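Protein chains in written order, with my numbering: chain W, 299 to 647; chain R, 299 to 647.
Heads up, the beta-carbon is just placed ideally off N, CA and C, and yes, glycines get one too.
Nothing here was measured: the structure is a model prediction, and the numbers come from that model.
Written out as structure tokens, the structure is:
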């Protein structure tokens, strides 16, 4: 007697890193992030429909491992993601991630995908989407402080969604700036490599901060931020990790994803717990204003929220269903009689 | 230029359903559960070392999807598991599961495995391990009320760890009893098929209840439980789902995995929140008594806790490292320079 073969419902579509890169490169990172931003925008606009909870974090001496679940009435999604700043030294990445999308109706997973590359894309797509609502009209120049793994994705997304084509780069490690400048020059950006954060901020309408050190740093000081700027603050994303001087926050109108999480993890952990912030979903739904004047300083205090990952999972799942390259995993047991799990095991002998 | 191949650290060992069944069948389910019970016992004895949290549940109309994380200083593990009672009608399983074990030091996953089969094995291994501490010495007869997917695993584990070889089976659906009786007769058990729960409890030292209906049911009533019995109550495992009449609980000494979770999900949701219970890890560590007399009624109010899944993940990971069959997934991006994720994407074109 031969072992029973798993049936169709037992196979789970799996997008490997290679297949994710193939999926992105087939259409180009810019188009991928533009379409993904459309999914994120659609999900932000129906924000009240989601089952939301702060991420579930397990902290250790050297880092954190987090599960980020959310659900609407049709799908459940979660992301596993770690953050280990010391990993770089040992040749590992600071952040790796994968995610699962499931059917709420029967609880079966419908997609498993790498999310290390996908998270980089969704983070940049979210930033640029927010920039579309908050950055000054006609912005063409962006300062980028912190030129690590996220830098190029941010630049490309901001060009695609906001029209940025000039970049002023700075990193405490000149090698990181060299790497980003090389990659982005090949993408057709006009680039200025700067030797200080202060000089990097000159003449830019948008300032992106994306540094990795887990500490209360001061990447931007008050004198570096002029009127009318949009600040896209990516790096301050866990307790004890911030990038901006408090005085900047006091001069800015602050926009956040999910206040319950941002008040713990974002730049605003430096402020009183009732400091006014605007929820981005309300801006996108037309229920709250975005940028109101040329002189206003807007700040996106980004920490990353589960709904952005949910949108990314939905988008990749749609592409897989439309034929994007993927493998199929035998991860879900499927006995002929669901009550006869033991019989399935016996017949497999 | 060819696409770069993922390096060793980018590959994640994956145990499919087929490979899990192969792993179990190579040594036999009884030996697998005996060894697994050893891992569970070792982890229960060092209970205070674990980072514990109640599971993170997402409830919907037809079921629930849960994430169950836990960690010690070396490993982090979590299980994804759903519970959808209506699935049976549509030919899907009530419960499917998978799990991940990771390194706390760098956050990288080290194992992805199916856990539908593995959860059945760890649940039975835990019950029988607890039976070793609480069931009357010389127990040879077990009542089994509810003859679904978990039934055979329970019987085999109780024979391996406690010496049970006579079974009295009852299910509201005679077809379920037929299925279990057929499977278990082939395993050499002496079997009596019973036509009522009451007759099923006659002459047994151990009573296992394992039914699936999501309601406050009364599978056992007070008159059916005599002195000296050990009750292994598996099925009452979420809010609004219980199996035992409250009067039985009042006559029993109650043993639980993790009180914070059991008081919400277990049989004791029927009792006052300060009703005395004994934590099983203390019994296994020698810090609290197990069975104290021949007349005592002991009750294991089982709901399943993350540490049992952690033990199962550790056990399977040890077997994979020792050469057990598995696949390798390209799930973790591994750029040559961890800061150059974009360069990796570009070189893959």
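Residue 515 (chain R) carries a strand assignment under DSSP once its states are collapsed to helix, strand and coil. Residue 420 (chain W): member of the alpha helix (DSSP H) spanning 414-432, first to last residue. Neighbours of residue 636 (chain R) in chain W, taken as residues whose beta carbon is under 8 Å from its own, are 385, 386, 389, 390, 391, 392, 447 in chain order.
Counting C-beta atoms within 10 angstroms of its own C-beta, residue 621 (chain R) has fewer than 16 neighbours from the protein chains shown and is therefore classed as exposed. Between residue 527 (chain W) and residue 503 (chain W), the gap from beta carbon to beta carbon is short of 9 Å.
In this structure, DSSP gives residue 603 (chain W) a state outside helix and strand, which the three-state scheme calls coil. Residue 351 (chain W) sits in coil when the DSSP states are folded into three classes, being neither helix nor strand. Counting only unbroken stretches of 4 or more residues, the alpha helix (DSSP H) elements lying wholly within the segment 318-400 of chain W are 327-343, in sequence order. Residues of chain W with a Cβ closer than 9 Å to the Cβ of residue 367 (chain R) are, in chain order, 354, 356, 363, 365.
A straight line joining the alpha-carbon of residue 431 (chain R) with that of residue 584 (chain R) spans about 11 Å.
Within chain W, the C-beta atoms nearer than 9 Å to that of residue 382 (chain R) come from 403, 404, 405, 406, in chain order. Looking only at R:449, R:459, R:496, the smallest Cα-Cα distance to residue 480 (chain R) is reached by R:449. If you look at residue 545 (chain R), you'll find it in the alpha helix (DSSP H) that goes 544-549. The three-state secondary structure of residue 407 (chain R), taken from DSSP, is strand.
Residue 377 (chain R) is not a Cβ neighbour of residue 360 (chain R), given a cutoff of 9 Å. Nearest CB-CB separation between residue 378 (chain R) and chain W: below the 9 Å threshold. For residue 483 (chain R), no beta strand (DSSP E) run applies; the uninterrupted alpha helix (DSSP H) run containing it begins and ends at 472-483, by DSSP. Judged by DSSP secondary structure, residue 574 (chain R) falls outside any alpha helix (DSSP H); it is assigned neither H nor E.
Any Cβ of chain W closer than 9 Å to the Cβ of residue 400 (chain R) would place that residue at the interface, and such an atom is present. Residues of the same chain with a CB within less than 7 Å of the CB of residue 478 (chain W), apart from the 5 flanking positions on each side, are 445, 449, 450, 467 in chain order. Contact annotation for residue 481 (chain W) against chain R: 638, 640, 641, 644 [CB-CB distance below 9 Å, chain order]. The Cβ neighbour count for residue 388 (chain R), taken over all protein chains shown within 10 Å, is under 16; the residue is labelled exposed. Residue 471 (chain R) sits exposed, since fewer than 16 C-beta atoms from the chains shown fall within 10 Å of its C-beta. Beta-bridge annotation (DSSP): residue 566 (chain W) is not paired with any residue. In this structure, residue 529 (chain W) sits near residue 523 (chain W), with a CB-CB distance shorter than 9 Å. Within the segment 494-522 of chain R, contact with chain W at the beta-carbon level (separation under 8 Å) is assigned to no residue.
Rounded to the nearest angstrom, the Cβ distance from residue 416 (chain R) to residue 318 (chain R) is 6 Å, consistent with a contact under 8 Å. One Cα belongs to residue 499 (chain W), the other to residue 640 (chain R), and the distance between them is close to 24 Å. Residue pairing from DSSP places residue 530 (chain W) in a beta bridge opposite W:506, W:598.
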